[in-house]
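The structure appears below as structure tokens.
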Amino acid sequence: MSFTKIIFTSIFVFGIGIFQITNNSKTKSEYEKSNGSIEYLGKEFENLPNRHKGDYRYLKITTYPYLFEIYEPNSEPTEKKIDDLKLGDVIEIYYYEVPKTKTEGINRFAQFIDMEGKPYFIRNAFQKQLGYVLIGLCVLLNVFGFILFKIGKINW
Numbered sequence: 065m066s067f068t069k070i071i072f073t074s075i076f077v078f079g080i081g082i083f084q085i086t087n088n089s090k091t092k093s094e095y096e097k098s099n100g101s102i103e104y105l106g107k108e109f110e111n112l113p114n115r116h117k118g119d120y121r122y123l124k125i126t127t128y129p130y131l132f133e134i135y136e137p138n139s140e141p142t143e144k145k146i147d148d149l150k151l152g153d154v155i156e157i158y159y160y161e162v163p164k165t166k167t168e169g170i171n172r173f174a175q176f177i178d179m180e181g182k183p184y185f186i187r188n189a190f191q192k193q194l195g196y197v198l199i200g201l202c203v204l205l206n207v208f209g210f211i212l213f214k215i216g217k218i219n220w
């Protein structure tokens, strides 16, 4: 192990942390939005989920080409729940996409779901907090790497 490898690794992880913070800190209006009627809503879809059965909701609307996978425990408390929605309901869903969304055909980044102006899903701040944790770990990794370099345990 060398100090330069530690630096490059921490730069990579730092970038992931920044990505998590920026993509999960936006206001509702800053996300992409699709309006449409629900054509599929369930706790399972084909062979999904492959973990935590019962915690996921799968949602497909008429105006968006991909299926939404929503981890329901990530929802902030709201008066209405995802499970209160029915097939045919017209909803607004706010989200962002990553390249994997198109290749897998599944969007795992729904941030808000509203119907008639009422929230049914608001993603909590876990992803944003994860970004801060990753950045903190990068700082610690660099500090410990520098200390190890200075005492001669690792080379440049």
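The number in my numbering is simply the position in the sequence shown, starting from 1, with 64 added.
The beta-carbon is built from N, C-alpha and C at its ideal position, and this holds for glycine as well.
Note down the Cα distance separating residue i from residue j, rounded to an integer number of angstroms.
i    : j    : result
C98  : N219 : Looking at the sequence provided, one finds Ser at residue 98 rather than Cys. For S98 and N219, the distance between alpha carbons rounds to 52 Å.
V207 : T68  : 13 Å
S139 : G181 : 17 Å
I125 : I211 : 53 Å
I155 : Y95  : 15 Å
E136 : G216 : 49 Å
G209 : L123 : 45 Å
S101 : G118 : 23 Å
I205 : M179 : According to the sequence displayed, residue 205 carries Leu and not Ile. In a straight line, the C-alpha of L205 is about 45 Å away from that of M179.
R115 : K214 : 45 Å
K145 : K92  : 18 Å
E108 : M65  : 44 Å
A174 : D153 : 17 Å
I70  : E103 : 48 Å
G81  : I177 : 25 Å
L105 : F72  : 43 Å
How should residue i be labelled, buried or exposed, when 16 other C-beta atoms within 10 angstroms of its C-beta is the threshold for buried?
i    : result
R121 : buried
Y184 : buried
G79  : exposed
How would you write the range of the alpha helix (DSSP H) that residue i sits in, first residue to last?
i    : result
S139 : Neither: S139 is in no alpha helix (DSSP H) and is coded neither H nor E.
K124 : From DSSP, K124 is part of no alpha helix (DSSP H) but of the beta strand (DSSP E) over Y120 to I125.
I75  : F67 to N87
I215 : No alpha helix (DSSP H) holds I215; DSSP gives it neither H nor E.
K107 : No alpha helix (DSSP H) contains K107, which DSSP labels as neither H nor E.
Relative to the C-alpha of residue i, which candidate in the options has its C-alpha closest?
i    : options                   : result
Q193 : L123, Y104, Q84 and G106  : Q84
N188 : T142, L105 and I82        : T142
Q191 : M179, R172, L204 and D178 : R172
P113 : S101, I134, T73 and I102  : I134
N111 : I170, E103 and T73        : I170
State the start and end residues of the unbroken beta strand (DSSP E) segment that holds residue i.
i    : result
K182 : K182 to I186
- Query: At a cut of 8 Å, does the stretch 194-207 reach the stretch 147-160 through at least three beta carbon pairs?
  - Reply: no
- Query: Touching or not, the stretch 158-168 and the stretch 80-96, by the rule of three or more beta carbon pairs under 8 Å?
  - Reply: yes
- With contact counted as at least three CB pairs below 8 Å, one residue from each stretch, are the stretch 127-134 and the stretch 165-172 in contact? Yes: the two stretches touch, three or more of their Cβ pairs being nearer than 8 Å.
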